[in-house]
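Enquirer: Residue numbering for the sequence shown follows the numbering used here, starting at 4 and increasing by one per position.
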Amino acid sequence: MLLKKSPEAASPPPAAPEPAGTLFARIKKEIVVIRPQGELPAKNAGSFSRYSCDLCHAPHGIGDLRQCGLCGRWVCPSCRNEEYYICSSCSGIVKLHTLGMEKR
Ligand SMILES: [Zn+2]
Ligand SMILES: [Zn+2]
């Protein structure tokens with residue numbers, strides 16, 4: 004392998020503003036994944052064809068629950084953040100990060 008020095012060719016790219024994906028990746032590192040994506044929610048022991056919200060443990064139909072894209076918890080409408088499509092547990096972490104960025 005030949006190491007050729009060409010000073011003009013490879014100038015470092017200009018410092019771009021941090022893309023949203025990077026923040027998301029950083030947040031993801033702090034979140035403990037409860038379930039892998041695609042895994043079904045826990046069945047509610049007390050009622051047939053109902054599933055438990057992973058945060059408040061209330062029984063819900065499968066149509067009411069959404070899997071959090073970060074931790075994989077299945078959460079009911081009152082336990083999720085519709086703005087980010089994540090559970091309220093993860094949205095607390097996301098808010099910490101985004102607030103820290105705004106308050107500069
Ligand atoms: Zn819930
Ligand atoms: Zn979550």
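A virtual CB, placed ideally from N, CA and C, is assigned to each residue, including glycine.
Three or more beta-carbon pairs under 8 Å between the segment 62-76 and the segment 23-38, yes or no?
Expert: Yes, they touch.
Enquirer: Nearest-angstrom Cα distance between Arg53 and His63?
Expert: If you take the alpha carbons of Arg53 and His63, they lie about 5 Å apart.
Enquirer: Should Leu43 be labelled buried (16 or more other beta-carbon atoms within 10 Å of its own) or exposed?
Expert: Leu43 comes out exposed.
Enquirer: Just how far apart, CA to CA, sit Leu58 and Thr25?
Expert: Their backbone Cα atoms lie some 27 Å apart in a straight line.
Enquirer: Can you confirm whether Leu99, when its beta carbon is compared against all beta carbons of chain B, has any partner nearer than 7 Å?
Expert: Any reference to chain B falls outside this structure, which holds one protein chain only.
Enquirer: Does the Cβ of Cys82 lie closer than 6 Å to at least one heavy atom of ligand 1?
Expert: Result yes, Cβ under 6 Å from ligand 1.
Enquirer: Pro62 by DSSP, collapsed to three states: which one?
Expert: DSSP places Pro62 in strand when its eight states are reduced to three.
Enquirer: Bridge partners for Gln70 per DSSP, in chain order?
Expert: Paired residues: Trp77.
Enquirer: Buried or exposed: where does Leu102 fall if 16 or more other Cβ atoms within 10 Å of its Cβ makes it buried?
Expert: Flag for Leu102 reads exposed.
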